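Take a look at the structure below.
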Amino acid sequence: MSQQTARRGGAGWALAITSVAGFMAALDNLVVTTALPAIREDFGGELHDLEWTVSAYTLTFAVLLMFGAALGDRFGRRKLFVTGLAIFTGASAAAALAPGIEALVAARAVQGVGAAIMMPLTLTLLTAAVPAAKRGMMYGIWGAVNGLAVAGGPLIGGSLTEHVSWQWIFWLNVPLGLALLPLARLRLSESYGTGAPLDIAGTLLASGGLFGIVYGLIRGNIDGWTSAPVLTGLIAGAALLAGFVHHGIRSKNPMLPMRLFRNRAFSAINAASLLMFVGMFGSIFLLSQFMQNVLGYSPTEAGLRMLPWTGMPMIVSPVAAYLSDRFGGRPVVTAGLALQALGLAWFAAIVQTDVSYAAQLPALIISGVGMALYFAPAANLVMSSVRPSEQGIASGANNALREVGGALGIATLASVFSAQGGYGPAQHFVDGLGPALWVGAALVGVGAVAAALLPGRTVTAKPAAVPGAVPAAAAAGTEARTPAGV
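Here it is in structure tokens:
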């Protein structure tokens, strides 16, 4: 076998292994949403318990994403990829076997740890295995597979829940993970990065701060907003996040250098991304339950009916990319966020206990088109806002902030939902859902304003030449180019 043929074979294996691993991690962001009513029926959990089944994953994923990439740089990317994959697979089995809601939440948190180590390394391993001339095509395939996981998440989760059991949304990962583990050891090449110091202090500050804020938001309506646990969570969380910002300003090698936010373009696109995910994630969390608990759709029917929203980026993204190239990223992202806000406001205006799907469909389509218009140019705007040497950390930061937005969105909108309504009679659910969707629409609308503050059209910075050892951080947020980071 010639060296060129061997190289092609290695690239093919790398694409298959990293795409399936990315599919698993991306799928678990939204796959749980349509299973929530079934989980609640089995375990008897309240709203705050269900929030943690999603937020535990997104929080650990977000906080440890860049740290996981740095671990791969330091100790070996293949080795850490296999480690993350093993953690993710084991935690998936633990989630499927969970005897109660507390054990399920704990398993979901460990899943997020595995995903945070595994996910950013998928692209660095793929980059190292693929010739430079073919990387664009390989990235496109990788992104399409991950986008399919996001689009199909609610449908896959709903179908497995209805026709087998909700536990199978986690069992699905186990055979895939067990098949990938030996293949990764045999077919992927080991590589190392620059060996930059690990920012353990920054990771601990960010983790503690975000946990405190989310805990306070989730428990506010349960324990009372002036109760000691809630105030402690909110105040301590805010203090730790302030410490994280100070650390990012003063430390020599911080996980997230705060100097990047002095750049108006970088600050604006990241603010827009954070607010987009706050409104979108929180809304999907509640609407998937509304379709089942109030409208009486089966889990599969609910997943299918969400596709005009979650699946639209697969159709519209090529058009959005063309518009971005033609007119620049700022107007396309601004329009996308405005449409997403309009879709949520439309839903808030029509939501009733007996609303027809025909009435819902325009809101779902508008939201889906808005999501697609946002995703296509967002990564280019992030990358063009910083110097080529900073693109890796900038991209990783954007992806982490989007995951943080998802966790905060669920906590915030569910808090509004439970304050104005809640579970129980259908009208009580709708009483809470309407105000929550209005808040979601308003937050995404503020994101559109932030996007409008981006500087005028700029030429995307050309990435630095890719050396033999590609820094893992450079891929930590590359998934932002597709809907995979949802």
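If you use this note's numbering, the sequence shown corresponds to residues 1099 to 1584, in order.
Cβ atoms here follow ideal geometry from the backbone N, Cα and C, with glycine treated the same way.
Note that the coordinates shown come from a computational prediction; the quantities given were computed from them, not determined experimentally.
Judged by DSSP secondary structure, Gly1307 falls within the alpha helix (DSSP H) whose first and last residues are Ile1298 to Asp1321. Glu1149 counts as buried, since at least 16 other C-beta atoms from the protein chains shown sit within 10 angstroms of its C-beta. Asp1126 is classed as buried because its beta carbon has at least 16 other beta carbons within 10 Å across all chains shown. C-alpha of Ala1249 to C-alpha of Gly1255: approximately 11 Å in a straight line. If the five residues before and after Leu1281 are omitted, its C-beta is found closer than 6 Å to the C-beta atoms of Ile1115, all from its own chain and listed in chain order.
The shortest CA-to-CA distance from Glu1200 to any of Trp1536, Asp1147 and Met1374 is the one to Asp1147. Pairing Ala1546 with Pro1533, the inter-Cα distance amounts to about 20 Å.
Around the beta carbon of Glu1139, fewer than 16 other beta carbons sit within 10 angstroms, so the residue counts as exposed. Counting the other CB atoms within 10 Å of its CB gives Glu1501 a total of 16 or more, which places it among the buried residues.
In the three-state DSSP reduction, Glu1139 falls in the helix class (H, G or I).
Note that the region 1165-1177 touches the region 1288-1306; at least 3 beta-carbon pairs, one per stretch, sit closer than 8 Å.
Secondary structure note for Pro1280: its alpha helix (DSSP H) is the uninterrupted segment Asn1271 to Arg1285. Relative to Ala1539, the option among Ile1491, Leu1302, Ala1461 and Ala1474 whose CA is nearest is Ala1461. Counting along the chain, the unbroken alpha helix (DSSP H) around Ala1205 starts and ends at Ile1199 to Ala1227. Here DSSP, grouped into helix, strand and coil, assigns Pro1533 to helix. Listed in chain order, the alpha helix (DSSP H) elements of length 4 or more contained wholly in the region 1156-1198 are 1175-1194.
Secondary structure at Glu1149: helix, using DSSP grouped into helix, strand and coil. The three-state reading of DSSP puts Tyr1521 in coil, since its state is none of H, G, I, E or B. Residue nearest to Pro1352 within the set Gly1409, Ala1433 and Gly1341 is Gly1341 (criterion: CA-CA distance).
Residue environment for Ser1454: exposed (fewer than 16 other C-beta atoms within 10 angstroms of its C-beta). With a cut-off of 8 Å on Cβ pairs, the region 1463-1476 is in contact with the region 1440-1448, counting three or more such pairs. Gly1519 is positioned such that its CB atom lies no closer than 8 Å to that of Thr1156.
Val1180 and Phe1515 have their C-alpha atoms some 40 Å from each other. Taken through DSSP and simplified to helix, strand or coil, Asp1452 comes out as coil.
Distance from Ala1205 to Ala1189 at the Cβ level is roughly 5 Å; contact confirmed, criterion being Cβ atoms closer than 8 Å. Put simply, the region 1374-1388 does not touch the region 1413-1420. Fewer than three CB pairs are less than 8 Å apart. Annotation: the region 1418-1469 contains no complete segment of the beta strand (DSSP E) (minimum length 3 residues). Annotation: Asp1297 to Leu1358 spans about 17 Å, alpha carbon to alpha carbon.
When the Cα atoms are used, Pro1218 and Leu1113 turn out to be separated by approximately 14 Å. Comparing alpha-carbon positions, the option among Leu1552, Asn1496, Trp1407 and Met1469 lying closest to Leu1253 turns out to be Trp1407. One Cα belongs to Gly1441, the other to Val1430, and the distance between them is close to 16 Å. The beta carbons of Leu1435 and Met1481 sit no closer together than 8 Å. Residue environment for Val1484: buried (at least 16 other C-beta atoms within 10 angstroms of its C-beta). In terms of Cα proximity to Phe1268, the closest of Lys1232, Leu1279 and Ala1192 is Ala1192. For Gln1387, the enclosing alpha helix (DSSP H) has its first and last residue at Arg1362 to Asn1391.
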